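Each remark here refers to the structure printed beneath this line.
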Amino acid sequence: MTVHPTVDPIDPVILDRFTQLASQVLGVPVVSVSLMDDQRRTVKSSYGPGTPDGASLTPLLGMRLKDSDGRPVGTLTVMDHRPCRWNAQQIEFLRELAVRLVAQVDIGPVERMM
132 MTVHPTVDPI DPVILDRFTQ LASQVLGVPV VSVSLMDDQR RTVKSSYGPG TPDGASLTPL
192 LGMRLKDSDG RPVGTLTVMD HRPCRWNAQQ IEFLRELAVR LVAQVDIGPV ERMM
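Here the sequence shown is numbered in the working numbering, starting from 132 and rising by one per residue.
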């Protein structure tokens, strides 16, 4: 298995700070950071409650994380139990947060995914 050099050694406390901040600022109950390599996709950080009985979460907005070679290496995704309309400021906040996450863990540029 080929493991992306940044997937395994990332300090989870760093990722947890990003997911918690996104949840608090955007007012969504769940935020996750998933990273992947050639063989697997792993949720490296998830902030927020589980789903109540009968409820489901919907990915509402996500930012694709890419390494310096342009390969996708993960996502920063916010989720809720209800549909939501995002304004430009909220989208820009999540994009900027994703850019800072990528810089913090040194995995390259970020691309918006909706």
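Every residue, glycine too, gets a C-beta built ideally from N, C-alpha and C.
Since the structure is predicted, the reported quantities are computational estimates derived from the model, not experimental observations.
Start-to-end residues for the alpha helix (DSSP H) that takes in residue i
i: ARG226; result: 219-236
i: ARG148; result: 143-157
Distance, residue j Cα to residue i Cα
i: PRO214; j: GLY193; result: 14 Å
i: ARG231; j: ILE145; result: 11 Å
i: SER176; j: ASP200; result: 24 Å
i: TYR178; j: SER154; result: 7 Å
i: ALA234; j: ARG202; result: 15 Å
i: MET195; j: VAL236; result: The amino acid at residue 195 is misidentified as Met; the sequence shows Arg. The straight-line gap from Cα to Cα measures roughly 14 Å.
i: GLN151; j: ASP142; result: 15 Å
i: ASP147; j: ALA219; result: 24 Å
Bounding residues of the beta strand (DSSP E) (the contiguous stretch that carries residue i)
i: ARG261; result: Past the edges of the chain, shown from 132 to 245, lies residue 261, and the structure says nothing about it.
CB-CB length for residue i against residue j, believed under 8 Å
i: LEU225; j: PHE149; result: In fact, because the Cβ distance is near 10 Å, the residues do not count as touching under 8 Å.
i: THR173; j: SER165; result: 7 Å
i: LEU188; j: VAL161; result: 6 Å
From the options, residue whose alpha carbon lies closest to that of residue i
i: ILE222; options: GLN235, LEU207, VAL233; result: LEU207
i: VAL209; options: PRO143, PRO180, ASP142, MET167; result: PRO180
i: VAL159; options: ASP198, TRP217, PRO143; result: TRP217
i: ASP169; options: ALA219, VAL204, ALA234; result: VAL204
i: LYS197; options: ARG171, MET167, ASP211, ILE141; result: MET167
For residue i: DSSP bridge partner residues
i: VAL162; result: TYR178, VAL209
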